Amino acid sequence: MKRKVLMCVLGAALAVCSLPAQTVDLHTHIIIPEYTEVLKAHGAELEETFPLSTWDAGRHIAFMDRAGIRTAVLTMPAPQPYYGDTEESARCIRRVNEASAAVKRQYPGRFRFCASLPLPDVDAAIREAVYALDTLGADGVKLATNSRGQYLGAAELDPLMEVLNERHALVIIHPHRPTPCSGEIIAATPLAMYEYPAETTRAVVNMLVRNVPVRYPNLKVVVPHCGSFLALALPRMKSILPAMVNQGYMQPIDWEDNLSHLYFDLAGSPTGEVLHSLLTITTPDHILYGSDYPYLPDAVLQANLQRLKQTLAADRELAAYAELFLWKNAERLFVRSAGSGSTPTE
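To get this note's numbering, take the position in the sequence shown, counting from 1, and add 86.
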């Protein structure tokens, strides 16, 4: 019996590690000169406490070819290029979105992109969302966890959510510097080490307690970095909520319906324990691969992907989900988004 189990595991390992180059990468960033120039003009190159990486389409494709990645989804990185001037921010973000659309056209099948929006100005963000989704052919939008203190879930974002909901939009969340934050803590621990997962959890919790996914049910929301701390936070929240509702401090939360609209990318090199933990709050069809290119060296990211494949293959339960996590879930997600949204104008 043990030999049979071992042979099954080895067979799954060989199958997963020999998958053809069809992985879909939900978590990558495009970094163009016009974006970095705005940051430099405001002395904000290190606003996120670590240097911006460089990006080039040719190098990105070379990495994808080596790693066995067929398609990558581009988004603008942090920080949000807003420094009190909405017009400057809107121009910068428009350029990022148009550059992303051009890369997608130039390399058919290799890139998709989710457009950025010039928040915290909601009206400007709505205009850019309509243009990006209806004209540029964006595959969705990327939203910062907070835009200068305006957190996801805030009531002032409801008009934007209505527009995105009408278009059945895919929404990719990405952590940004928390507002406020402890300067002493982030001086010792760069944001990417700890605060990014905490910040993501904070923003998603704010969406859940306001029932945003339930109120805008056509949205498909991708939570980064293996769900951050949600798998730990949600059981505690569920246990405390009834008392909070009874005492009038909170409103009821439809946990099941809210969570059914969330998807989770695997950027961050998850262990088997992390994957099993994630499966306590979601289903296997809502988990997607992500690399975080180009924020780690290519060789490290390639090794991370290989390690993920080995982790999946070595676990009898997880091995059955390998193709789902690596590419099938992403393909289905984009098919649903494209089938429900507006027709882009090339």
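We put the beta carbon where it would ideally sit given N, CA and C, even for glycine.
If you're wondering where the values come from, they're calculated on a predicted model, not measured in any experiment.
When we look at the beta-carbon of residue i and count the other beta-carbons within 10 Å, is it buried (16 or more) or exposed?
i: Ser268; result: exposed
i: Ala176; result: buried
i: Pro165; result: buried
i: Gly427; result: Residue placement at Gly427 is poorly supported in this model, since its pLDDT is 45, which falls under 50; the coordinates are not used for a value here.
i: Ser325; result: exposed
i: Asn332; result: exposed
i: Arg198; result: buried
i: Leu132; result: exposed
i: Val308; result: buried
i: Tyr302; result: buried
i: Arg253; result: buried
i: Arg145; result: exposed
i: Pro338; result: exposed
i: Gly313; result: buried
i: Pro266; result: exposed
i: Ala210; result: buried
i: Gly354; result: buried
When the Cα atoms are used, what is the spatial distance from residue i to residue j?
i: Tyr379; j: Leu219; result: 24 Å
i: Ala158; j: Glu214; result: 22 Å
i: Lys414; j: Ala408; result: 9 Å
i: Pro283; j: His311; result: 7 Å
i: Lys90; j: Lys395; result: A caution first: Lys90 carries a pLDDT of 45, below 50, which makes its placement in the model unreliable, though a value can still be read off. Roughly 21 Å between the two C-alpha positions.
i: Gln236; j: Asp401; result: 41 Å
i: His262; j: Ala143; result: 24 Å
i: Lys190; j: Ile155; result: 15 Å
i: Leu227; j: Ala240; result: The identity of residue 227 in the sequence shown is Val, whereas the question assumes Leu. Distance between the alpha carbons of Val227 and Ala240: 17 Å.
i: Asp151; j: Ala399; result: 22 Å
i: Met336; j: Pro299; result: 17 Å
i: Gln392; j: Ala406; result: 17 Å
i: Ala317; j: Ile179; result: 33 Å
i: Val290; j: Arg322; result: 15 Å
i: Leu404; j: Phe350; result: 15 Å
i: Tyr193; j: Thr114; result: 16 Å
i: Leu229; j: Trp341; result: 22 Å
Check this for me: beta carbons of residue i and residue j, under 8 Å apart or not?
i: Tyr375; j: Val110; result: yes
i: Thr231; j: Glu285; result: yes
i: Leu256; j: Asp225; result: yes
i: Thr368; j: Leu348; result: yes
i: Leu238; j: Met162; result: no
i: Val182; j: Ile259; result: no
i: Pro167; j: Tyr217; result: no
i: Arg196; j: Ile116; result: no
i: Phe420; j: Ile373; result: no
i: Thr287; j: Phe315; result: yes
i: Ser186; j: Leu160; result: yes
i: Ala277; j: Glu134; result: Note that residue 277 is Leu in the sequence shown, not Ala. Yes, these two residues count as a Cβ contact at 8 Å.
i: Ala153; j: Leu387; result: yes
i: Leu246; j: Ile212; result: yes
i: Asn297; j: Asn344; result: yes
Assign residue i to one of three DSSP states: helix, strand, or coil.
i: Thr172; result: helix
i: Ala400; result: coil
i: Leu256; result: strand
i: Cys200; result: strand
i: Asn415; result: helix
i: Ala215; result: helix
i: Phe136; result: coil
i: Gln388; result: helix
i: Tyr121; result: helix
i: Gln192; result: helix
i: Ser325; result: helix
i: Ser233; result: strand
i: Arg301; result: helix
Can you pull the DSSP bridge partners for residue i?
i: His115; result: Thr161
i: Ile155; result: Thr109
i: Lys228; result: Ile258
i: Val307; result: Val257 and Leu348
i: Tyr379; result: Thr114
i: Leu374; result: Asp351
Chain C beta carbons: is any one of them nearer than 8 Å to that of residue i?
i: Phe411; result: Checking the listed chains, one finds no chain C in this structure; it contains a single protein chain.
Would you say residue i touches the ligand NAP, meaning its beta carbon is less than 7 Å from a heavy atom?
i: Ala273; result: The ligand NAP is not among the ligands present in this structure, which contains no ligands whatsoever.
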